[in-house]
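Enquirer: This is the structure I have questions about; it appears just below.
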Amino acid sequence: MKKVLSLVMLALLSVGAWASEITLNTNNVDLSWTAVGDDQTTTSQGITIYYAKAGSNTPTSQGLTANHIRFYKSTTVKISAASPITSIAFTPDGSYDATNFQPNVGTTTSSGWTGNASEVTFTMGAQYRCKKMVITLADGSVSAPYFTPAEGTFYGPTEVKINAQDGATINYTLDGSNPTTNSAVYSAPFTVSQTTTVKAIATVDGVSSAVASATYTIETAPTVANIAAYAALADNSNAAISNPVVVTYANGQNTYVKDATGFLCIYGNELSGKYSQGDVIPAGFGGLKTTYNNGAEMHFPLFGFVDATETQSVQPDEVTVANFGNSQMWQYVVLKGAQITYHNGKYLGFRVDNSTDSVAGYNQFNLTLPDLDATYDIYGIVTSYQGNIQMYPIEFVDNNPTTVGSIAELLALESGKNATFTTPVTAVYHSGKQLYIKDVNDDFMLVYGSLSNTYNNGDVLNDIAGNWTIHNGLTEIIPVAATFGEATPGTPVEPETLAIEEISQDLIHSYLRIENCTITAIEGDTRNFTLADETGDMIMRLNFSEVTIGEDFDFDAEYNVEGFLAFYKSANGETQQLQFYPNLIEKVGGEQVPGDVNGDGTVTAADVTMLYNIILNDNWTGAVNADQNGDGSVTAGDVTAVYNILLQ
């Protein structure tokens, strides 16, 4: 393969040129847009995109979203470069067709443009949502590097990444001088903590690009006391909120929060997956204040967001059809006893007790609609569209639920049918979205989904509800999150001790202990290991972030392991095997010492340092038992637990 590539390169060099390919991720993280009246322009890697408003169409500033550009119908898009462009490949966000582009030169296909011009102007025949462009230049010049994020004003230390075409060497400076091939060689992202101009060149086979430059202005953001004060700011103001807020719901780019003064939507890809309902976001976070559909919104670029260190139980405010119009934007609410009376695509209508009045809904989060003949408690977020109040539904909870007394009774219902448990269940282990429970018949099951509370072994839960489904060959419960409230402490569940030869598929999700085992690494695999005792072997998979096997792990020792039996089935059904998910690995003859995070047999400041590395840097290397307080997560509470042991 290397020989073929070399021949191709030689062939290209023999005619004195090679095509230069430039990739632009067209989001507001990688590109910095400048307003020109109602128009917008951006330049990156020597490519300029000019997006012009046309007539009475939507202003282009509304077309710049977190993860794509929306080129609206009848607007003008101009793409230019110093060298001739021979092709532009567009990657759409959704199902869009580039043949609706009307170029002044060249031709378009369903996925892009071909021609030869240093400036291409498109008139949009229909809306197009573009998340990436790959632009090919005709000459043999090397593409200038580009920076992620793009230059701009930032509030706090900012990590900078320099990007270049494949095979290029990047040289850069931080003092404002133009770089040469003798300047520092870029190898990894770096952090700027004060206003800095970064300049860089890319070099391929002795040919260097033009100098790329980006200035990162580091400022201290003004602060406001709370959400109400933030909402009162003028649009396009940057500010940080100086009190903590609690997450009421998070889905993709949308994170909804509240404090004692109001509600807010935080919008940006940076937070996708970072927070869950009930997480308390520490004070000091901020972003650009904008208005969306009459509601205050915190927009990218976002700054100051750190991991949540505590959670709270979040309860919705009950609304009725009569008072729904007076609810605050972004409020977390529940409309009880409602029926879905209208649905057309994503547009919905909710009505209570056959009233002539209804509440408008919009299926923003693409929920599967339940049985239209039943009534539900509908949980959601209040929003508006063109001045009309509506709801984004989050969850439909059956208002007249089916009841079951055990896991077996739930599994006897059809898949997807919600039911409420009339008997308590006991939490066994909780890690992230995975909660293992045991019912009154001593049957185990995995509950998979985001919950606002965290549960410990032995916690008793009452009146939970959910339905069952199958994922990768595993039966699991999908929870009705609103029914998983505060738990009552109970008796911790002990695992059943078995030999590997006694383990079968009938024990899926059971809490088990296997003693006197060896653990063997699998080459090239950091998550799967071979677990063996004198009766047999099986795959052990590190499924929970609290349990790791670091570089210093003693593979020559024997271990007792506790955890849960799982079943993996590949999408094509060809791979089917039992797996063991450990939540505890203890060395035989050297059982885990309380507070001993790094597994060296003693409790010292090194254990505290390891916890800090896990919390701050997500660095689990060498950790044996980081979850010292047993709450299913690694937080400041675990640091406190180790400190208490050190002080005893």
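Each residue of the sequence shown is one higher than the one before, starting from 5 at the first, in the working numbering.
Ideal placement from N, C-alpha and C gives every residue a C-beta, glycine not left out.
Relative to the alpha-carbon of Ser147, which residue among Asn532, Gly641, Leu376, Asp209 has its alpha-carbon at the smallest distance?
Expert: With distances taken between Cα atoms, Ser147 lies closest to Asp209.
Enquirer: Would you report the Cα separation of Ser24 and Ile526, rounded to the nearest angstrom?
Expert: 41 Å
Enquirer: Does the distance from the CB of Ala491 to the CB of Ser456 come in under 8 Å?
Expert: no
Enquirer: Rounded to whole angstroms, what's the CA-CA distance from Glu550 to Lys421? Just pull it up for me.
Expert: 33 Å
Enquirer: I'd like to check one pair, Val310 with Asp321: are the Cβ atoms closer than 8 Å?
Expert: It is not a contact, given that the beta carbons lie outside the stated cut-off.
Enquirer: Give the straight-line distance between the Cα atoms of Ser276 and Ala85, rounded to the nearest whole angstrom.
Expert: Cα to Cα, Ser276 sits roughly 34 Å from Ala85.
Enquirer: Check whether the Cβ atoms of Ile507 and Leu546 lie closer than 8 Å to each other.
Expert: no
Enquirer: Compare the beta carbon distance of Gln632 and Val601 with 8 Å and say whether it is the shorter of the two.
Expert: yes
Enquirer: By Cβ distance, which residues of its chain are closer than 6 Å to Ala233, with the 5 residues on each side in sequence left out?
Expert: If we look at Ala233 and ignore the five residues flanking it on each side, it has no Cβ neighbours.
Enquirer: When you compare only the Cα positions, how much space is there between Thr487 and Asn520?
Expert: 40 Å
Enquirer: Along the chain, where does the beta strand (DSSP E) that runs through Asp381 open and close?
Expert: 380-389
Enquirer: What are the boundary residues of the beta strand (DSSP E) that Leu306 is part of?
Expert: 299-307
Enquirer: Let me know if Phe400 comes out buried or exposed under the rule of 16 or more other beta-carbons within 10 Å of its beta-carbon.
Expert: buried
Enquirer: Applying the criterion that 16 or more other CB atoms from any shown protein chain within 10 Å of the CB defines a buried residue, is Gln332 buried or exposed?
Expert: exposed
Enquirer: Measuring alpha carbon to alpha carbon, tell me which of Ala469, Leu511, Val464 ends up nearest Gly494.
Expert: Across the set Ala469, Leu511, Val464, the C-alpha of Val464 shows the shortest separation from the C-alpha of Gly494.
Enquirer: Jot down the residue ranges of each uninterrupted beta strand (DSSP E) in the region 189-277, minimum 3 residues, whole runs only, in chain order.
Expert: 194-196, 200-208, 216-222, 241-245, 249-255, 258-263, 266-271
Enquirer: Taking three-plus beta-carbon pairs below 8 Å as touching, is the region 238-256 in contact with the region 283-290?
Expert: yes
Enquirer: Ordered along the chain, which non-local residues of its own chain (more than five positions away) have a Cβ less than 6 Å from that of Glu163?
Expert: Pro193, Thr195
Enquirer: At 3 residues or longer, what runs of the beta strand (DSSP E) sit wholly inside the region 462-539?
Expert: 469-475, 478-483, 515-526, 529-537
Enquirer: Could you check the C-alpha separation between Gly477 and Gln581 for me, to the nearest Å?
Expert: Distance between the alpha carbons of Gly477 and Gln581: 10 Å.
Enquirer: CA-CA distance, Ser197 and Ala610?
Expert: 29 Å
Enquirer: Check whether the region 427-439 touches the region 375-388, counting contact only when three or more Cβ pairs, one atom from each stretch, lie closer than 8 Å.
Expert: no
Enquirer: If you draw a straight line from the alpha carbon of Gly528 to that of Ile589, how long is it in whole angstroms?
Expert: 21 Å
Enquirer: Using CA coordinates, which residue listed in Thr458, Glu413, Glu418 is at the minimum distance from Met449?
Expert: Glu413
Enquirer: Under 8 Å, do Thr113 and Thr103 count as touching if we go by C-beta distance?
Expert: yes
Enquirer: Going straight from the alpha carbon of Phe354 to that of Asn392, what length do you get?
Expert: 15 Å
Enquirer: From this set, Thr227, Ala204, Ala225, which residue's C-alpha is nearest Ala216's C-alpha?
Expert: Ala204
Enquirer: Just to confirm the assignment, what range does the beta strand (DSSP E) spanning Gly453 have?
Expert: No beta strand (DSSP E) holds Gly453; DSSP gives it neither H nor E.
Enquirer: State the Cα-Cα distance for the pair His347 and Tyr190, rounded to the nearest angstrom.
Expert: 54 Å
Enquirer: Out of Leu141, Thr199, Phe151, Asp467, state which residue places its alpha-carbon closest to the alpha-carbon of Gly160.
Expert: Thr199
Enquirer: Out of Arg531, Asn471, Lys135, which one is the CA nearest neighbour of Ala416?
Expert: Asn471
Enquirer: Measuring alpha carbon to alpha carbon, tell me which of Ile504, Thr227, Thr219 ends up nearest Asp537.
Expert: The residue with the shortest Cα to Cα distance from Asp537 is Ile504.
Enquirer: Put Asn547 into one of helix, strand or coil per three-state DSSP.
Expert: coil
Enquirer: Compare the Cα-Cα distances from Gln368 to each of Ile382, Asp357, Asn358, Ile398 and report the closest residue.
Expert: Of Ile382, Asp357, Asn358, Ile398, the smallest CA-CA separation from Gln368 is found for Ile398.
Enquirer: In whole angstroms, give me the CA-to-CA distance for Thr64 and Gln509.
Expert: For Thr64, the predicted structure reports a pLDDT of 42, less than 50, and the residue's modelled location is therefore unreliable. A value from the coordinates is still provided. Distance between the alpha carbons of Thr64 and Gln509 is about 57 Å.
Enquirer: Assuming contact is defined by CB atoms lying nearer than 8 Å, are Phe584 and Met542 in contact in what I supplied?
Expert: Closer than 8 Å, so yes.
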